[in-house]
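To start, the structure itself, in structure tokens.
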Amino acid sequence: MAGIEDTLKLRAIGRGSLSSVLKVLVDIFWITACAALGFIWIITFLSIIATLSGGIVENSILGRISLHADPFRMTSLALVGSILCIGVMSIASNLRSVFETLVDGDPFVPENAIRFRKIALIIAILELTRILVNPVIAFIINIVGMDTQLQPVGILTRLMSTNFITWGAVLILVVLSQVFAEGARLREDQQMTI
């Protein structure tokens, strides 16, 4: 029975640990977010060119492409997609730094507390973006007078669909940042007494 218990125990800290694997996965998420951001910007650029040229884009490599994009939808998708990708890249960068300290066996550093606060802030911004961007873009497009086939979703409707799990994660990350700050302070006190 002891053999099974030993195989089920995973090391969380140190080289070859679960933290090492998670660091690699976070790197993959970061690369994927970079690629998605590039794709969004390329599609947005092509859509702008197509809109300005009557829906047709011609070039020697791709040939003739017909794109008929709704300006409201493209603006909304480009803005939300860009913010989401940049948010994921920022979260992944901070998580990677946290996992590096775990792999090094020294997680209670003051920087990790700051990193957890940054991650909480980024997640909160992403959730607020999800709630607010569509109605704001619809408002601006209505002021400009552009016709759009999409009916904008109001802010109240978005607030009613608030993701409480996301806000719970933000609060948990704030608590974790305080735990890591306290752990770093205790570690520093211990190093001074020895």
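Under UniProt numbering, residues 1 to 194 are what the sequence shown spells out, in order. Note that beta-carbon positions come from the ideal geometry of N, C-alpha and C, so glycine has one too.
Residue i and residue j closer than 8 Å at C-beta
| i | j | result |
| --- | --- | --- |
| Gly87 | Ile122 | yes |
| Thr75 | Ile137 | yes |
| Asn112 | Thr101 | yes |
| Val109 | Ala184 | yes |
| Leu84 | Ile119 | no |
| Phe99 | Val26 | yes |
| Gly81 | Ile49 | no |
| Gly16 | Gly105 | no |
For residue i, the three-state DSSP class (helix, strand or coil)
| i | result |
| --- | --- |
| Leu150 | Unreliable positioning characterises Leu150 in this predicted model, as indicated by a pLDDT of 48, which lies under 50. A coordinate reading is not provided. |
| Ile91 | helix |
| Asp104 | coil |
| Asn112 | helix |
| Ser53 | coil |
| Asp189 | helix |
| Ala12 | coil |
| Ser17 | coil |
Spatial distance of residue i from residue j (CA atoms)
| i | j | result |
| --- | --- | --- |
| Ile42 | Phe116 | 32 Å |
| Ala12 | Leu18 | 5 Å |
| Lys23 | Phe29 | 10 Å |
| Val179 | Ile140 | 43 Å |
| Leu150 | Pro135 | With a pLDDT of 48 at Leu150, under the threshold of 50, the predicted position of this residue should be treated as unreliable, though the coordinate-derived value follows. Cα to Cα, the separation comes out at about 11 Å. |
| Asn163 | Ala33 | 22 Å |
| Glu177 | Ala35 | Note that residue 177 is Ser in the sequence shown here, rather than Glu. C-alpha separation (whole angstroms): 30 Å. |
| Ala169 | Glu127 | 11 Å |
| Thr166 | Arg73 | 25 Å |
Contact with chain B by residue i, beta-carbon distance below 8 Å
| i | result |
| --- | --- |
| Ile119 | Absence of chain B from the displayed structure is noted, only one protein chain being present. |
Whole-number beta carbon distance between residue j and residue i, since they are thought to touch under 8 Å
| i | j | result |
| --- | --- | --- |
| Leu79 | Val133 | 6 Å |
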